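Scroll down for the structure; my scribbles are underneath it.
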Amino acid sequence: MQTTSDEVLIGRIAGGDRLAMQVLFARHHVKVYRFALRLVRNESAAEDLISEVFFDVWRQAGKFEGRSAVSTWLLSIARFKALSALRKRGEAELDDETASAIEDQSDDPEVTLAKKDKGAALRQCLSGLSAEHREIIDLVYYHEKSVAEVASIVGIPEATVKTRMFYARKKLSELLKERGIDRGWP
Amino acid sequence: MNAVNETPVSDIELLLPWHAAGTLGYRDSQRVETALANDPELARRFELVRDELNEDIHLNETLGAPSARAMEALFAKIDAEPVRTPPMTFNVGARLRDFFAGLSPRTLAWSASAAAVAILLQAGLIAGIMIKENGAGATAGGGDYQTASVPSGFGGDGSYALIRFQPQANAGDIAKFLETNNLSVTGGPITGALFRVQVAPTKLPTADLANIVKKLQSDKMIVGFVAATQ
Numbered sequence: 000m001q002t003t004s005d006e007v008l009i010g011r012i013a014g015g016d017r018l019a020m021q022v023l024f025a026r027h028h029v030k031v032y033r034f035a036l037r038l039v040r041n042e043s044a045a046e047d048l049i050s051e052v053f054f055d056v057w058r059q060a061g062k063f064e065g066r067s068a069v070s071t072w073l074l075s076i077a078r079f080k081a082l083s084a085l086r087k088r089g090e091a092e093l094d095d096e097t098a099s100a101i102e103d104q105s106d107d108p109e110v111t112l113a114k115k116d117k118g119a120a121l122r123q124c125l126s127g128l129s130a131e132h133r134e135i136i137d138l139v140y141y142h143e144k145s146v147a148e149v150a151s152i153v154g155i156p157e158a159t160v161k162t163r164m165f166y167a168r169k170k171l172s173e174l175l176k177e178r179g180i181d182r183g184w185p
Numbered sequence: 000m001n002a003v004n005e006t007p008v009s010d011i012e013l014l015l016p017w018h019a020a021g022t023l024g025y026r027d028s029q030r031v032e033t034a035l036a037n038d039p040e041l042a043r044r045f046e047l048v049r050d051e052l053n054e055d056i057h058l059n060e061t062l063g064a065p066s067a068r069a070m071e072a073l074f075a076k077i078d079a080e081p082v083r084t085p086p087m088t089f090n091v092g093a094r095l096r097d098f099f100a101g102l103s104p105r106t107l108a109w110s111a112s113a114a115a116v117a118i119l120l121q122a123g124l125i126a127g128i129m130i131k132e133n134g135a136g137a138t139a140g141g142g143d144y145q146t147a148s149v150p151s152g153f154g155g156d157g158s159y160a161l162i163r164f165q166p167q168a169n170a171g172d173i174a175k176f177l178e179t180n181n182l183s184v185t186g187g188p189i190t191g192a193l194f195r196v197q198v199a200p201t202k203l204p205t206a207d208l209a210n211i212v213k214k215l216q217s218d219k220m221i222v223g224f225v226a227a228t229q
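For the record, the sequence lines run as chains A and B.
All residue numbers for the first sequence refer to numbering that gives the first Met the number 0, where the first residue is 0 and numbers rise by one.
All residue numbers for the second sequence refer to numbering that gives the first Met the number 0, where the first residue is 0 and numbers rise by one.
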């Protein structure tokens, strides 16, 4: 099966090809939505964000130089817009403790099963991380971004990407320990 | 005690998440593999990383998908924009790429087949002329024709394989792979992005060649396809 590459689609979008835009949207919108949703934690806001992200692509396609993958470019735009939206909502200062507290107050039935179900507990703790830590974990694990790509999306040096990921994982272990699951690390 | 246990955060340990996600370059990936094989504690920690990876994917996959509202909003905005005309460009590479991307797989397959037949015919004609000329030269001069750089026996005595590299493998990784396995590229790329590589300077028994091919195939980060050839 042959698929048109993202770069070719961007070239066509730059020329005003609406169909190419539909193909690119169909290909990437779910992942971009999930990335935005994990940051803004609001489905309606995340939906608004993705239409804004792809509208930016429609307008800026002619300026895309292909220095990074199209998916990396999309996530960079989504991140910028998500952080802007959070700032408008006054949630930019959301810290670890606040985020954890939000999760602790959740009446999700999974919470009660957390200690019995390690996987569910891990997912709960992943959701309880700070926005900064959630972001890097998602980029590495779910969006399969390399160290260099994460550095490009987040706008930090590669060495910081590695250490931030390490501390996000460390925090995850601490949250699990608070729930009675000791992973023996760190 | 090994290096990982002595230092709480080794460089290798920092790379574990990317190794689990399969997004490390060949060299770093090999370093991590070696460290994992020699350090049971690091291997245990790697299992923790794999658990995290698994649950993060699970978590994201259960987030659902956006409603049609997002797409409707997007295209309403696009439709409200003034109509754009494709920019005039003299970027030949981009035009060619766009042209080939627009062809159907069937059209491409037929074109490739036709090109292959044309190349074979051309090769046959050239070979015929060369043999004829060599024959004449040998008769007149009493010696064989030989290029300055490549002995005439090249390609006849060695053992060869056809190989296709993974699209994500970079030039450095491929060079390292060739060096590590004592391979030299002798031809290609041919149809299917295949390269012909010499795996040994002598004709190896079939079983030995098969073992080498199997070994090369095991490096999945670099090799997409490999098979023995004449």
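Ideal placement from N, C-alpha and C gives every residue a C-beta, glycine not left out.
Predicted, not measured: the structure shown is a model, and the values here were computed from it.
Considering residue i, what are the terminal residues of the alpha helix (DSSP H) in which it resides?
{"i": "V39(A)", "result": "17-39"}
{"i": "P188(B)", "result": "Element bounds for P188(B): not the alpha helix (DSSP H) but the beta strand (DSSP E), 183-189."}
{"i": "S70(A)", "result": "69-88"}
{"i": "L13(B)", "result": "10-20"}
{"i": "S50(A)", "result": "42-59"}
{"i": "T159(A)", "result": "157-177"}
{"i": "V31(B)", "result": "25-37"}
{"i": "V146(A)", "result": "146-153"}
{"i": "L203(B)", "result": "Careful: L203(B) lies outside any alpha helix (DSSP H) and carries neither H nor E."}
If you measure from the beta carbon of residue i to each beta carbon in chain B, is any gap under 7 Å?
{"i": "S83(A)", "result": "no"}
{"i": "L121(A)", "result": "yes"}
{"i": "S67(A)", "result": "no"}
{"i": "G15(A)", "result": "yes"}
{"i": "G179(A)", "result": "no"}
{"i": "Y141(A)", "result": "yes"}
{"i": "F165(A)", "result": "yes"}
{"i": "W72(A)", "result": "no"}
{"i": "L128(A)", "result": "no"}
{"i": "K161(A)", "result": "yes"}
{"i": "R186(A)", "result": "Since the first residue shown for chain A is 0 and the last is 185, residue 186(A) is missing from the structure and cannot be characterised."}
Write down the C-beta distance between residue i and residue j rounded to the nearest angstrom, noting that I regard them as a contact closer than 8 Å.
{"i": "H132(A)", "j": "A167(A)", "result": "4 Å"}
{"i": "E54(B)", "j": "G118(A)", "result": "5 Å"}
{"i": "L161(B)", "j": "T228(B)", "result": "5 Å"}
{"i": "A247(B)", "j": "E46(A)", "result": "An answer regarding residue 247(B) cannot be provided, because it is not within the stretch 0 to 229 covered by chain B."}
{"i": "L23(B)", "j": "A34(B)", "result": "In fact, because the Cβ distance is near 12 Å, the residues do not count as touching under 8 Å."}
{"i": "A60(A)", "j": "I12(A)", "result": "4 Å"}
{"i": "A67(A)", "j": "S151(A)", "result": "Here the sequence assigns Ser to residue 67(A), which means Ala is not the residue at that position. Yes, S67(A) and S151(A) are in contact; Cβ-Cβ is about 6 Å, under 8 Å."}
{"i": "L215(B)", "j": "N180(B)", "result": "6 Å"}
{"i": "V146(A)", "j": "V153(A)", "result": "Wrong, their Cβ atoms sit about 11 Å apart, outside the cutoff."}
{"i": "F194(B)", "j": "G186(B)", "result": "7 Å"}
{"i": "F34(A)", "j": "F53(A)", "result": "With 8 Å as the limit, F34(A) and F53(A) do not qualify as a contact, their Cβ atoms being about 13 Å apart."}
Can a CB atom of chain A be found closer than 7 Å to the CB of residue i?
{"i": "D55(B)", "result": "yes"}
{"i": "N169(B)", "result": "no"}
{"i": "L52(B)", "result": "yes"}
{"i": "N59(B)", "result": "yes"}
{"i": "K175(B)", "result": "no"}
{"i": "L13(B)", "result": "yes"}
{"i": "R83(B)", "result": "yes"}
{"i": "I77(B)", "result": "yes"}
{"i": "R163(B)", "result": "no"}
{"i": "R49(B)", "result": "no"}
{"i": "R44(B)", "result": "yes"}
{"i": "T179(B)", "result": "no"}
{"i": "R68(B)", "result": "yes"}
{"i": "L41(B)", "result": "no"}
Considering just the uninterrupted stretch of the beta strand (DSSP E) at residue i, what are its terminal residues?
{"i": "L161(B)", "result": "158-164"}
{"i": "V198(B)", "result": "193-199"}
Does residue i come out as helix, strand or coil in the three-state DSSP assignment?
{"i": "G127(A)", "result": "helix"}
{"i": "T228(B)", "result": "strand"}
{"i": "G10(A)", "result": "helix"}
{"i": "G65(A)", "result": "coil"}
{"i": "V82(B)", "result": "coil"}
{"i": "G118(A)", "result": "helix"}
{"i": "G171(B)", "result": "helix"}
Check the Cβ-Cβ distances between residue i and every residue of chain D, and say whether any is below 7 Å.
{"i": "P16(B)", "result": "Of the chains in the structure shown, none is chain D; the protein chains are A and B."}
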